[in-house]
Amino acid sequence: MTAVLIVLIVICAVLALFYAVGMKFVRVLILRQDNFPTPETGASSSSLLEPTGKALWAHNIPYFGPFRELPFDEISIVSDDGLTLRADMLRGSGTGKTVIFFHGYKSEPACDFAAMYDFYKTLGCDLIYVHMRAHGKSDGTYIGFGALDRYDVVQWTNKAAELFPDNDIYLHGMSMGAASILQSADLDLNKNVRGIIADCGYSDLSTVFRNLVGKLYHLPTMFVDVFEYVNLLKAGYGFKEASSVRSVSVTEIPLLYICGDCDRYVPKDMALSIFNACKSEKKLLLVPGAGHAASYMCAKDEYEALVREFIGRKN
Numbered sequence: 049m050t051a052v053l054i055v056l057i058v059i060c061a062v063l064a065l066f067y068a069v070g071m072k073f074v075r076v077l078i079l080r081q082d083n084f085p086t087p088e089t090g091a092s093s094s095s096l097l098e099p100t101g102k103a104l105w106a107h108n109i110p111y112f113g114p115f116r117e118l119p120f121d122e123i124s125i126v127s128d129d130g131l132t133l134r135a136d137m138l139r140g141s142g143t144g145k146t147v148i149f150f151h152g153y154k155s156e157p158a159c160d161f162a163a164m165y166d167f168y169k170t171l172g173c174d175l176i177y178v179h180m181r182a183h184g185k186s187d188g189t190y191i192g193f194g195a196l197d198r199y200d201v202v203q204w205t206n207k208a209a210e211l212f213p214d215n216d217i218y219l220h221g222m223s224m225g226a227a228s229i230l231q232s233a234d235l236d237l238n239k240n241v242r243g244i245i246a247d248c249g250y251s252d253l254s255t256v257f258r259n260l261v262g263k264l265y266h267l268p269t270m271f272v273d274v275f276e277y278v279n280l281l282k283a284g285y286g287f288k289e290a291s292s293v294r295s296v297s298v299t300e301i302p303l304l305y306i307c308g309d310c311d312r313y314v315p316k317d318m319a320l321s322i323f324n325a326c327k328s329e330k331k332l333l334l335v336p337g338a339g340h341a342a343s344y345m346c347a348k349d350e351y352e353a354l355v356r357e358f359i360g361r362k363n
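In the working numbering, the protein residues as written are 49 to 363.
Below, the structure is given as structure tokens:
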């Protein structure tokens, strides 16, 4: 009897340890953090953004202030799970095109898209900058990493069509935002959606976390399974629920996929797996020497030319 009790105590202790580790990951990686330190506030750039991370922040920060001062109108939707999600909107010059922007993880519209604003202004599009769930102006406790956000994307396309019923709609995402729009491609997006511009979107969350747990925490990847189980309990989603590869393999929506060939979050083989799986009309820009989210900085002219062509083509 004593031996059985000891075994039960050991099992309970191990389970408690695993749960504690899983909760630690949830608190650090999934739980909302409104005051996340960045180089804009004096913090260091993540090593995973190298080789271009420091240069990217130095390039982007001067655009933040002017972008945040633009005369935005605030719009909102209610998500399927009852959250009020908000976006900043600027009306264009009546070109019949609307672009909806989806920013990255622990980021905001200014950080990922302020540097592109002048370019998009020249296109005359109506511009909608979404604050992703659990970020910025939007409600939410847990970051969705695309698994939840893909359903929000559907709602935003319907909101854009409500505001601009005759416009073609394009989705432009960065990192987690790119994964969210890729993973929405097999859902019931509004019929006016004409294209997806995905900048460094990942394939699936399980692969990303298995990569990061080793690099950041030097732990065996088995802890990702523990993390996933606890996250399912707390945030309500598993890491294999959404797959960019699976979604683009069945969509008819045209895709422009962009990534740096030195990206440490989205390695080249992951980027190519997404692009190669896509069966719709597609174009690829793989930028030499660019790290995560740095393709626009590193290949501005080529990036803009491809986006201009993609948005300007006949539908």
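In this text, a Cβ means the ideal position worked out from N, Cα and C, and glycines have one as well.
Asked	Found
In this structure, does DSSP put ASP214 in helix, strand or coil?	coil
Throw me the rounded Cβ distance for the ASP236 and VAL202 pair, which I believe falls under 8 angstroms.	6 angstroms
How far does the beta strand (DSSP E) with GLU122 in it reach, from first residue to last?	121-126
DSSP three-state label for SER291, please.	strand
Give me the Cα-Cα distance between ILE78 and TYR153, rounded to the nearest whole angstrom.	10 angstroms
Roughly how many angstroms lie between the CA atoms of GLY70 and ALA91, to the nearest whole one?	26 angstroms
Determine the direct distance from the alpha carbon of GLU98 to that of LEU320, and round the result to whole angstroms.	20 angstroms
What does DSSP give as the partner residue(s) for ASP129 in the beta ladder?	The partner list for ASP129 (beta bridge, DSSP) is empty, contrary to what the question assumes.
Go through its chain and collect everything with a Cβ distance to VAL296's Cβ below 7 angstroms, but skip five positions before and after it.	LEU230, ALA233, LEU303, ILE322, ALA325 and CYS326
Would HIS220 and MET180 be called neighbours here (beta carbons separated by less than 8 angstroms)?	no
Using the C-alpha atoms, what's the distance from PRO336 back to MET345?	12 angstroms
Could you tell me how far apart the beta carbons of PHE287 and PHE257 are, in whole angstroms, since I believe they sit closer than 8 angstroms?	6 angstroms
For LYS185, report the span of its alpha helix (DSSP H) as first-last.	LYS185 -> no alpha helix (DSSP H), and no H or E assigned at all.
What does HIS220 pair with, by DSSP beta-bridge criteria?	PHE149 and ILE245
Using a threshold of 8 angstroms, state whether the C-beta atoms of ILE125 and LEU118 are closer than that.	no
Whose C-beta lies closer than 7 angstroms to the C-beta of GLU277 among residues of the same chain, with five residues either side of it excluded?	Note that residue 277 is Tyr in the sequence shown, not Glu. Correct list, in chain order: GLY70.
Relative to the C-alpha of GLY144, which residue among ALA68, TYR313, LEU171 and PHE193 is closest?	LEU171
Are there 16 or more other CB atoms within 10 angstroms of the CB of GLY243, so buried, or fewer, so exposed?	buried
Out of TYR265, THR269 and SER291, state which residue places its alpha-carbon closest to the alpha-carbon of ALA227.	SER291
Helix, strand or coil: how does DSSP classify VAL298 here?	coil
Expressed to the nearest angstrom, what Euclidean distance is found between the alpha-carbon atoms of ASP187 and ALA135?	11 angstroms
Should LEU56 be labelled buried (16 or more other beta-carbon atoms within 10 Å of its own) or exposed?	exposed
Tell me whether the beta-carbon of GLY339 lies closer than 8 angstroms to the beta-carbon of CYS307.	no
Under three-state DSSP, which class holds ILE109?	helix
With a threshold of 16 other CB atoms inside 10 Å of the CB of ARG198, please say whether the residue is buried or exposed.	buried
Count the other CB atoms within 10 Å of the CB of CYS60; is the residue buried (16 or more) or exposed (fewer)?	exposed
Are there 16 or more other CB atoms within 10 angstroms of the CB of HIS266, so buried, or fewer, so exposed?	exposed
Can you give the Cα-Cα distance for ASP129 and LEU104, rounded to whole angstroms?	35 angstroms
Could you tell me which of GLY249, TYR218 and PHE161 sits nearest to LYS239, measuring between CA atoms?	TYR218
Starting from the C-beta of GLU122, find all residues in its chain whose C-beta is less than 8 angstroms away, skip the five residues before and the five after it, and write them out in chain order.	ARG134, ALA135, ASP136, MET137 and LYS185
In angstroms with no decimal places, state the Cα-to-Cα distance between VAL261 and SER343.	25 angstroms
Applying the criterion that 16 or more other CB atoms from any shown protein chain within 10 Å of the CB defines a buried residue, is ILE54 buried or exposed?	exposed
Which residues in the same chain as SER251 place their Cβ atom closer than 7 angstroms to its Cβ, once the five residues preceding and following it in sequence are excluded?	SER291, SER292, VAL293, MET318, SER321 and ILE322
In the DSSP assignment, what are the bridge partners of ALA135?	ILE123 and VAL178
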